[in-house]
Structures are given as structure tokens and as C-alpha cells.
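Protein chains in written order, with my numbering: chain A, 1 to 323; chain B, 1001 to 1323. Glycine residues also receive a C-beta, built at the ideal position from the N, C-alpha and C atoms. Just so you know, these numbers come straight off a predicted model, no measurement behind them. Comments concern the structure below.
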């Protein structure tokens, strides 16, 4: 835990000394506003922990860590425009606080900045290449997500591929970048990457659950927002799979109602239906399965257990294995 | 001219063999749609010509050339959302043909792809670094442009700084990238960069003129579009400078009218006012001054004249010195 706290502090200090200012201020204020909001710093932490595990220099790994956090925040700014999300981390989103044009443009600048940060260390070209790859994958994932809004029948494999691209690959790349900076061998980098993929899948399913089964104070988003927006999450797809013909038709109908309908009532009815079908438990089972696979990949990394301890602890904390 | 045609063909062939496809198709179709439209390929040509001038390998320079064209098209896709431009090169813009979400996302993917292309040659890290720098400058320029829409008093120096950032730096960077790939020395790269800046300023002023003093068939955009959208171009700012108090007030009033007003009538009145004040001639004078400065920088490059001939010819063709 000491190591985790230290890396968190080091990253916070690195962020604090980074200059996010510039002119015109309309371009730069949203960047600082977004990136300096308190966040879990999950991707930087995965990068720093992976680098530390293989004995890499922290000073070098702070750059890809910053690149990852900047990149991640760029995706949030642009996604929030598309999702018309008013709030994020309990604060107004950039497109809401400023406007969509500014949100597009500061996002673009952040994406460019992310590449600049990634290029700083000795292995900069490799890191920038990984960033380019993951950036394109995430665009693919987001486009799939947008397609799902209007698509009649989304399958569970399609949904899983979407969250792999939209969420999991970035966690995997964060680990890969950290290990790359440290000069880890290819086989270990691949295990760590696959650890990240499975962990990411597990986290996203957890997010799907938390969107409904948590409250706004702890999660920072509106309760049942996915249902209100007719998002075809794993919960919804699993419910369709488990439902009787009659329930299925009702659920599909509810997911055609637009925002102007009584939102609370709709969320309540869907939740009652999910509860009756034990959807939450079914999704948790799949989530835990990804979780198990993730840690099997970590086990396979060719390092003594004590080297993996910090990353393991960190991932366990996040996945709720450890409180 | 043979060399210019050959490089144009080589770049066209390189583009044709590049795979812009992928899934989901909603993400990739707009990319191919935009980048495969016929365009001048100005930035790739500047890159290839600069590389050729210093005896660089064409095969290496084709990558930054592709990066520049991809990057440039990304800026068009995003700018068209912000400018609500329905047409570009005589074709519907991406946000118009698909929608704004798709335009945001395919633009993002193109920006990431541009970095991937820039990273391909041996000097990839340097090229990606230059791309990152210019990308941020262009965002600054576009934000200034957006600010000007609502700003009461834009000065001529502010306008010039905006077009430097929004247009000129990318032409300069194209030359810089080509010369960098070829291993030119710093002093020459700087002269070439400054050549690009001045050429870019001249081109943008020419564009400002052409927006009003040309027709849709040859220019591919609506005649007087800048006036219809109340864009404070150099023409407008120069007119304010030259106008009597009465004309100035009238012009400022006309530039507060929104689209729902009779557009044609407004464009005609503004044009008549410009003509009376000889605004076109005044802007042309400034344009030619940038043009002169550009070629003085080219003269200063430490190479025998015959090495500069192709780039000189190409730039002269574009700036209208040579027909």
C-alpha cells in the first residue's frame, strides 16, 4: 500500500507541475478543468505500477502516465458531447459548461498533447505508436456504442467487443506502456496486456451494474442513467436473454421510450424486472469470470510474486476483492 | 514541371494503396470519403518537394506526406461541424452527410492515424513531435477564429495571428517535415519553415478574396459565404479601416444580421461597399507582400538554385505568379 500511495502522490505532483495553460483561454481552460478534476488516475497508476514491477525508471514512466490520463480525459470530453451527458464526476461536462465547439476543440488539443507527452521518454516512438493504436480502437468502440443506440438487436458478443474496444484496451495499453518503458520482454508484456483486457471487461460490467445499483452521491452519475438513455448495456442484454416472451416485449418497448417519458417510473419498472430475473447476479457472475482470467494472466507474468504484489493489490482494491 | 507531376502521381499512388477501411463502417467510410476526394494535396506536395530538394528518399517522405494530408482532412471535418458548413469541395461535408457524432469520431480517428503515419519513417519520433506541435497550434487558431465570431472588435494583428495558426503553420510544418526526413541542416529548415509561413499567409488572404470574388463552380464554396456568416476576414477588417464613420457603422450593422436575413442582398451591399473602398486591391497588396517575403526566405536556403527550382515553380503556380 505504501508503494501505491507513493506512486499516486508522485503522479499528482507531476500533474501539478505540468502547465495546462495557454491562449486562447477558451481552448485551455477546459483542458485544465477536466484533467485537474479529482479522478482515480487508474490508467496512470497501471502504467506506473507495471513499470515499477519490471524495475523501470519512474521518471520515464511518468510521461506515458500523463499521456494516458490526458488521452483518457480527451475521450471523456468528446464522448460527453455525443452522449449529451450533463454531468461527469459530479461536475458539469465541458460541452455543458462551455459549448460543443469548445469541447470538440479542447478534446482535439488534448489528443495532440497526449502524443507529445508519450513522445518524451527514450522509447517515445514506441509509446506514441501504442497510443495511436489504442486511440483508433477506442474510436471504433465508441462508434459501435453509438450504433447500438439505433440498432434493433445487439448481441452479447457484440456488446463485449464494444466494451473491449471502448474501455479494456486502454487499461491494457497503460500496463503495456509501463512495461515497455521498463524494457520488459514481449511474453510478459502480452500477459500484462491480457491482464488489462480482462480487468477492463470486469470493470465495465461493474460500471454497468453500478449505474443502476448505486446512488448519485457515491458514483457521481445519475442513478439508472443507462436505462433513461436506452443504453443497451450488459444488464439489458442479459435480461432479454433471461426474460419470458412477455417480459422481453415489455422491456424492448420500455427501451424505445424517449427522455420526455416519466423517467423515474421507467427506471423503476426496468429495475423491478431485472431484479425478478436476477440479472444483477448473472452479470456479476460474468464479471467475476473476467476477474479470474485477469489474475491468471498476472500469475503467468515471469516475475517473482513479490514484484507483482503492488499491482495485484491495486487491482484487487479496484475490483472490490479487497476493501 | 515533370518532377512536380511525378511527385503528385507518386502521392496519389501511395494514397490509393493505403487502406482506409475498417469496422465499424460508420467510422471508416467518412475517412475514405474525405481523404480520397480530389484535393490539391498541397501539404503532401510541400513535404515531398522539400525532401526532394535536399536529396531525401522519397519513400520515407511519403509517410509524413500522408500524415499531413490525413491531419489536414481531420481539421476540415471538425471545422465543418463548428462552422456548420454544408459543402466542401462541392460535396456534402461529413457532419451533413452523416452526423456530428460521426464527424467528431472519424476526425478523432484520423488525428490518431496521422500520428501513426508520421511515426513510420526512421525519423518518426521527430516527425510526430512536429505534428503534435502543429496540431495544438491549429486548435489555437481555430479557437481564435471561433472567438472572433462573437468578439466585437477584432484587430488586424489578431486576425493575422489567427490565420498564421490556422493555416500557415501547417504549410510551414509540411516543408519542415520534408526537410527533416532528408536531414537538412537547422538553418535551412528554418528558412523553409518561414517560407511556408509567409506563403500560407499569402494563400489565406487569397482565399479571403476568392470567397467573395469567384464563383461556386471554380471555388467549390458558396459565393460570399464569409459575409453571409459574418466572418471577420481581412477584407472586412480592411474595409473597417478604410471606411468613413457612416460606412463603418453600416458595415458593422450588416455583420450583425443573421442567416435568416436576405443573404444575397446583404452580400451584394457589402461587396459594393468593398468595391467602393478598393478593399480587394488593398488586401492584394498585403498578400503580395507576404508572397515577396516568402520567396526571399526560399532564396536564403543554402542550396544551388537548380535544387530549389521545383518547389519554387510549385509555389509560384499556387500563388498565381505562374499560370
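Can you tell me which of the three DSSP states residue i falls into?
i: residue 53/A; result: helix
i: residue 1091/B; result: strand
i: residue 41/A; result: coil
i: residue 1084/B; result: coil
i: residue 1202/B; result: helix
i: residue 25/A; result: helix
i: residue 1036/B; result: coil
i: residue 1213/B; result: coil
i: residue 5/A; result: helix
i: residue 13/A; result: helix
i: residue 1284/B; result: helix
i: residue 154/A; result: coil
i: residue 1120/B; result: coil
i: residue 256/A; result: coil
i: residue 18/A; result: coil
i: residue 63/A; result: helix
i: residue 1303/B; result: coil
i: residue 101/A; result: helix
i: residue 78/A; result: helix
i: residue 277/A; result: coil
i: residue 191/A; result: helix
i: residue 1167/B; result: helix
Report back the beta-carbon spacing between residue i and residue j to the nearest angstrom; my notes put them in contact at under 8 Å.
i: residue 1082/B; j: residue 104/A; result: 7 Å
i: residue 24/A; j: residue 102/A; result: Actually they do not touch by this definition, with Cβ atoms about 10 Å apart.
i: residue 80/A; j: residue 3/A; result: In fact, because the Cβ distance is near 33 Å, the residues do not count as touching under 8 Å.
i: residue 27/A; j: residue 1143/B; result: 4 Å
i: residue 64/A; j: residue 181/A; result: 6 Å
i: residue 1045/B; j: residue 1017/B; result: About 18 Å separates the two Cβ atoms, so there is no contact after all.
i: residue 129/A; j: residue 1116/B; result: 7 Å
i: residue 49/A; j: residue 314/A; result: 6 Å
i: residue 1139/B; j: residue 108/A; result: 5 Å
Residue i: buried (16+ other C-beta within 10 angstroms of its C-beta) or exposed?
i: residue 1287/B; result: buried
i: residue 253/A; result: exposed
i: residue 1150/B; result: exposed
i: residue 256/A; result: exposed
i: residue 1166/B; result: buried
i: residue 1328/B; result: Look at the range of chain B in this structure, 1001 to 1323, and you will see that residue 1328/B is not part of it.
i: residue 304/A; result: exposed
i: residue 243/A; result: buried
i: residue 202/A; result: buried
i: residue 1308/B; result: buried
i: residue 1059/B; result: exposed
i: residue 1192/B; result: buried
i: residue 100/A; result: buried
i: residue 67/A; result: buried
i: residue 1174/B; result: buried
Have a look at residue i and residue j and give me their C-alpha separation to the nearest angstrom.
i: residue 1294/B; j: residue 1275/B; result: 28 Å
i: residue 183/A; j: residue 61/A; result: 11 Å
i: residue 127/A; j: residue 1098/B; result: 33 Å
i: residue 268/A; j: residue 213/A; result: 12 Å
i: residue 1118/B; j: residue 148/A; result: 33 Å
i: residue 395/A; j: residue 1006/B; result: Missing from the structure shown is residue 395/A; chain A here goes from 1 to 323 and no further.
i: residue 157/A; j: residue 238/A; result: 11 Å
i: residue 1195/B; j: residue 1172/B; result: 7 Å
i: residue 1250/B; j: residue 1198/B; result: 33 Å
i: residue 114/A; j: residue 1137/B; result: 15 Å
i: residue 1011/B; j: residue 289/A; result: 50 Å
i: residue 1162/B; j: residue 300/A; result: 54 Å
i: residue 1123/B; j: residue 1190/B; result: 18 Å
i: residue 310/A; j: residue 54/A; result: 12 Å
i: residue 1112/B; j: residue 132/A; result: 5 Å
i: residue 1110/B; j: residue 72/A; result: 17 Å
i: residue 154/A; j: residue 1084/B; result: 32 Å
i: residue 319/A; j: residue 207/A; result: 11 Å
i: residue 312/A; j: residue 292/A; result: 12 Å
i: residue 34/A; j: residue 20/A; result: 10 Å
i: residue 247/A; j: residue 145/A; result: 24 Å
i: residue 1186/B; j: residue 1264/B; result: 50 Å
i: residue 1283/B; j: residue 1036/B; result: 33 Å
i: residue 15/A; j: residue 178/A; result: 17 Å
i: residue 164/A; j: residue 231/A; result: 16 Å
i: residue 120/A; j: residue 1125/B; result: 9 Å
i: residue 1141/B; j: residue 1205/B; result: 15 Å
Please confirm whether residue i has its beta-carbon closer than 8 Å to some beta-carbon of chain C.
i: residue 104/A; result: Absent here is chain C; the protein component of the structure consists of chains A and B.
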